[in-house]
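Numbering (our numbering), first residue to last: 1 to 387.
Don't be surprised by glycine CBs; every beta carbon is placed ideally from N, CA and C.
These numbers were taken from a predicted model, which means no experiment stands behind them.
See below:
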C-alpha cells in the first residue's frame, strides 16, 4: 500500500489580511497530481485541515473539491483526523455517509481509540486515529481516571486497544509529540500552542511497536524518534519563521511487515515566502535577486533614517509585502539612563544623546526646539496639576 501523508493545510488562512486561497488551491492541485503520478492508495490528513473552527465558503469548497476528486473520481481511500484549529462536528459532517465512498474521519474520545482497517494485496493494515483532544476535555470525559497528565490519558486510552503487533499498524494523530525529553523539534510562529505552558505533549515511546506514525501540528517536516514516526509539516509556509522550510508531503510504501520505504516529495508554492533586508531605494529601484514579483515578503529596512510611507513605495515593485520593519541595531538599545554621568544632565541633553544614538546623527535646531516646546508644555501641565 502506498500512503500519502500530509497535514496542517489551514484552508482559509490569511496573513496580515492577505488571503492564501489561491496558493491553497494550487497546493491541493499539486497533491492531487502527486496522488496520480505516484499511484497512491490511501491519503492521510493529520489535522488542522481548516484554519478556523467555522471555515469560510472558499475553504470548504477547496476541501470539497479535493475529497470529490480523490475519493469519488480516483477511488482512493482518505483518512482524516481533526486538529486544534478544526471543529470536529463541522469537519465530521456526513461521516457515516462519507465512509461508504472511502472517506474515514476519526471520532473523538472513543474507548478504545478508533481503528480503521484498509486492505491491500498483502492483507489488512490497521490505522489507529487520535484527533486533537485537550487534556481538559479528556479529564472531564473520564473523571474517574484522575489523569495526572495528557500523556497518562493517551496511555490509558491507547491501552484499551487490543493491538496485535504482529499485524501491520499505523498511527495517525494531531498533537505535540516528543521522543522522551527531545528538545530539537523545529517549531514555527504559526502553530497555536496546545496548552498553557505547553504541557499537552505525548511521548512517542508509547507507540513502540507501530510500524508508521503520521503526525500533524508542527509545520516543519521532521521525524520524532524512529525514522518512520514523522510530522509531514504544512504544505505551505504560514509564517515568516518558515521561510527556510522545504514544504512537502511524505509517501510511504508499506509492502509488508518490516518492509517499508518512504520518500519526501516537495510542494512548490505558487508564490514563495521570503524575508528581504536592505535599503528601500535599492529594493525599489533594482529589485532583489531570487525574489519573485508576487512573492510574500517580510521587509527589513536598514535605512539609517525613517522613510516616508515606505510600504507604499516598495509595493510599487513587490505588491505582496506583508510585513515591514526597521532593523534594530544592538548599539541603539544600549543607551543607559542609569549611567552616573547622566544624573548631572538635564532632560533635553539626555534626549539629544538618545536621538543621536538612534538616528546616527545629531539632532538639528528645528527638532531640538520642538522637543523643548513639548517638554515645556509637560512641565506646565504638571505644575498646573500640583497647584
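Query	Result
Simplified DSSP state of residue 137, which is helix, strand or coil	helix
contact_flag[the segment 220-234, the segment 80-93] where n(CB pairs < 8 Å) is 3 or more	no
For residue 355, three-class secondary structure by DSSP	helix
Sequence-distant residues of the same chain with beta carbon closer than 6 Å to residue 104, five excluded per side	79, 116
Which of helix, strand or coil DSSP assigns to residue 371	helix
At least 3 beta-carbon pairs within less than 8 Å: the segment 251-264 vs the segment 23-30	no
Pick from 267, 12, 118, 206 that is closest to residue 254, judged by C-alpha positions	118
Under 8 Å between C-beta atoms of residue 53 and residue 19	no
6 Å CB neighbourhood of residue 363 in its chain, flanking five on each side removed	352, 355
Alpha carbon of residue 291 to alpha carbon of residue 160, nearest angstrom	53 Å
Among 234, 238, 1, the one whose alpha carbon lies nearest that of residue 35	1
Straight-line Cα distance separating residue 145 from residue 134	15 Å
Reference residue 207, options 216, 239, 58, 169, closest by Cα	169
Beta-carbon gap between residue 51 and residue 11 smaller than 8 Å	yes
Nearest-angstrom beta carbon gap, residue 8 and residue 233 [assumed within contact, 8 Å]	7 Å
Cβ neighbours of residue 287 in the same chain (closer than 7 Å, five flanking residues each side left out)	317
Beta-ladder partner(s) of residue 279, from DSSP	According to DSSP, residue 279 bridges with nothing at all.
Distance CB(residue 297)-CB(residue 322) smaller than 8 Å	yes
Close beta carbons around residue 113, own chain, < 7 Å, minus the five adjacent residues each side	128, 129, 130, 157, 158, 161
Alpha carbon of residue 372 to alpha carbon of residue 328, nearest angstrom	27 Å
Rounded C-alpha distance that separates residue 120 from residue 174	25 Å
Candidates 154, 289, 76: closest to residue 98 by CA position	76
Cα-Cα separation between residue 272 and residue 248, rounded to whole angstroms	14 Å
Whole-Å CB distance - residue 201 paired with residue 176, under 8 Å assumed	4 Å
Reference residue 123; option with closest CA among 149, 204, 167	167
Spatial neighbours of residue 153 in its chain, beta-carbon cut-off 6 Å, leaving aside the 5 residues before and after	138, 147
Residue 214, DSSP secondary structure in three states	strand
Simplified DSSP assignment, three categories, for residue 343	Since pLDDT at residue 343 reaches only 49, below the 50 mark, its modelled position is unreliable, and no value is offered.
Closest residue to residue 236 among 258, 324, 295, 259 (Cα-Cα distance)	295
Start-to-end residues for the alpha helix (DSSP H) that takes in residue 29	21-37
Which of helix, strand or coil DSSP assigns to residue 365	helix
Close Cβ partners of residue 41 (< 6 Å) along its chain, the five nearest in sequence each way excluded	1, 2
With 16 other Cβ atoms within 10 Å as the buried cut-off, status of residue 314	buried
Bounding residues of the beta strand (DSSP E) (the contiguous stretch that carries residue 45)	42-46
Alpha helix (DSSP H) runs contained entirely in the segment 81-154, provided each spans 4 or more residues	88-91, 95-99, 135-141
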